[in-house]
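For what it's worth, full-length UniProt numbering labels the leading residue of the sequence shown as 1, then goes sequentially. Here is the structure we will look at, set down as structure tokens.
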Amino acid sequence: MQMYKGLPIITNKITLKEQKGIPHHLLGNIELGEDPWFVTRFKQEATRMISEIRSRDKLPILVGGSSYYIDGLLFDQRLVENQKTSEEGWISNREKLAAQHPILNSSGEAMWAKLREVDPAMADKWHPNDVRKIRTSLEIYFATGRTASEIYAEQKTKKRARSPYQDPSLGDVLIFWLYAHRDPLNTRLDKRVDKMVKNGLVDETSEVYEYLQSRLATGETVDRSKGIWQSIGFRQFEPYLQARKENPDDEANLAKLMAAGIEDTKTATRQYAKYQLRWMSTKTLTSLQEENLMDKLYLLDSSNLDTWHQEVLEKGVYIAEKFLTSKESLPAPISISEAAREVLAEALERSNRKDTPCRKYCEVCEKTLLTEELWQQHIKSTKHSKVVRAKRKRALIPADRVPSRALTKVDDDDSNLEPETKTQKIEDENLQEQNLEGK
Ligand SMILES: [Zn+2]
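Structure, rendered in structure tokens:
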């Protein structure tokens, strides 16, 4: 958003004073009426800028909140795009393929059974309900005579063999993640919105609103799903701006809409921060792991502004200096603060779990889970507990007629048990049910 021209408040643009004489690039480049820069355009411009800065023997520093754009610049996404195009390339004629292989017209279950036969590794990846994915894997097999799992594995090896970064001119990378615990962060974000309002947010949104009206007045269709129209603050104040235009004297209503605008802007800001955190701890971290760059990610704890100097400034400068001089002796990222240890360790564990395929079947709920992560989520879910409780209840009603082992009291709070123990227990419960039915 800072790449838009003008609108310093709504886009939270860094002020000249805050820039402290350090040249900032790509700020205020896009006119309001211009198409937004998508990742590819940003990548082009940023790469060009980085080369230019490097050619002057200076250090390019990429700053910003849009992880989506930064990831786009740092990580090679061509593989993902290529995979899609090549899939389409392989399966050029779906109809012809289906005519030759009638199984492609059958049920998801039948296709899954076939896939198990020809490409078990791929079948293991898909849930029997993922009909579209199962079909694609089968189509690849029929069209190329090779299994999809083999082709994907080959692509992955090729990817690893390449330089880790999309563009070698990016050079070596050091990443700082300015992290704050949720509560202090939300308090700070709320304060920021109040400050934006005080500094003239409403006048700015009014400017954007008038501009939008003038374009709409000419009969133009404006795609509001992207660009400046999506900026936090504009949409939230639109009802107020509209009311102010139509009924400028209805002060009570205007005050109400103004308060709602501020509240909604705060909510949207907090939601965006949550989204950014989720993006960072899932997508960015996964990419960093794939590129073996986890040792270049430093989390700086900015939760407490009183310790900003030590926690963020001093630690950041220390690590950056080490990185630029003697790369070998960088401290371990998890060692630099309690928050770093907690957040990074947890994210790593989650990401590893997610990567571990496990295909577990919950017999209680009759549900297949494909990864350890999903399995863990499932057995901790309320839905699962409810089914367990319901089945347990049914099993315990005719207590006097149940084999003695079913009378063993089962501790209701089994949330601390390891999943293996839990599975065992579930199996026991199923046994109880079968026993009952047998009587
Ligand atoms: Zn279950």
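Each residue gets a CB set at the ideal place from its N, CA and C atoms; glycine is no exception. Quick caveat: nothing in here was measured; it's all calculated off a predicted structure.
The beta carbons of Thr-11 and Ser-225 sit no closer together than 8 angstroms. Contact annotation: Ile-228 and Leu-32 have beta-carbon atoms nearer than 8 angstroms.
In the DSSP assignment, the residues bridged to Tyr-4 are Ile-30. Here Met-111 is near Arg-135, since their CB atoms are less than 8 angstroms apart. Cys-365 is a Cβ neighbour of Val-387, given a cutoff of 8 angstroms. Its chain contains no residue whose beta carbon lies nearer than 6 angstroms to that of Ser-385 once the 5 sequence neighbours on both sides are disregarded.
Counting only residues of its own chain and dropping the five nearest sequence neighbours on each side, Leu-201 has a CB closer than 7 angstroms to the CB of Ile-9, Ile-10, Gly-233.
Taking the Cβ of His-127 as the reference point, every heavy atom of ligand 1 lies at 7 angstroms or farther away.
Counting only the Cα atoms, Leu-7 lies some 10 angstroms from Asp-203. Between Arg-188 and the set Ile-334, Thr-269, Leu-300, Ala-98, the nearest pair of CA atoms involves Thr-269. Every alpha helix (DSSP H) of 4 residues or more that sits fully in the segment 355–396 is shown, in chain order, as 372–380, 382–396. Taken from the Cβ of His-378, at least one heavy atom of ligand 1 lies inside 7 angstroms. Every residue whose beta carbon comes nearer than 5 angstroms to a heavy atom of ligand 1 appears here in chain order: Cys-362, Val-364, Cys-365, His-384.
In this structure, the beta-carbon distance from Lys-43 to Gly-28 does not fall below 8 angstroms. Around the beta carbon of Glu-139, 16 or more other beta carbons lie within 10 angstroms, which makes this residue buried.
For Asp-306, DSSP assigns no beta-bridge partner whatsoever.
Under the DSSP definition of a beta bridge, Asp-301 partners with Tyr-179. For Glu-291, the secondary structure class from DSSP, reduced to helix, strand or coil, is coil. For a cut-off of 8 angstroms, the C-beta gap from Met-122 to Ser-137 is around 5 angstroms, short enough to register as a contact.
In this structure, the alpha-carbon of Gly-261 lies about 54 angstroms from that of Ala-395. Counting only residues of its own chain and dropping the five nearest sequence neighbours on each side, Met-196 has a CB closer than 6 angstroms to the CB of Ile-9.
The C-alpha of Arg-41 is placed about 15 angstroms away from the C-alpha of Ser-67. Met-1 places its beta carbon 8 angstroms or farther from that of Leu-26. Taking a C-beta distance under 8 angstroms as the contact criterion, Leu-216 and Pro-239 do not qualify as a contact pair. Classified as exposed, Ala-99 has fewer than 16 neighbouring CB atoms from the shown chains inside 10 Å of its CB. In the structure shown, Val-63 adopts coil according to DSSP, grouped into three states. Using a Cβ-Cβ distance cut-off of 8 angstroms, the segment 305–315 and the segment 245–254 are not in contact, since fewer than three pairs of beta carbons, one from each stretch, lie closer than that value.
For the pair Leu-299 and Ala-339, the CB atoms are nearer than the 8 angstroms cut-off. Non-local beta-carbon contacts of Glu-321 in its own chain, meaning distances under 8 angstroms to residues more than five positions away in sequence, are absent. Here Gly-200 carries a coil assignment [DSSP, helix/strand/coil]. Contiguous alpha helix (DSSP H) elements confined to the segment 100–168 occur at 108–118, 120–125, 131–144, 148–161, taking only those with 4 or more residues.
Inter-residue distance for Glu-346 and Glu-207 is about 44 angstroms (C-alpha atoms, whole angstroms). Distances from the CA of Tyr-209 to each of Gln-242, Leu-62, Ala-113 were compared; the closest alpha carbon is that of Gln-242. Sequence-distant Cβ neighbours of Pro-60 in its own chain, meaning closer than 6 angstroms and more than five residues away, are Ile-50, Ile-53. Setting aside the 5 residues that flank it on each side, Asp-194 is surrounded in the same chain by Ile-262, each with a C-beta closer than 8 angstroms to its C-beta; the list follows chain order.
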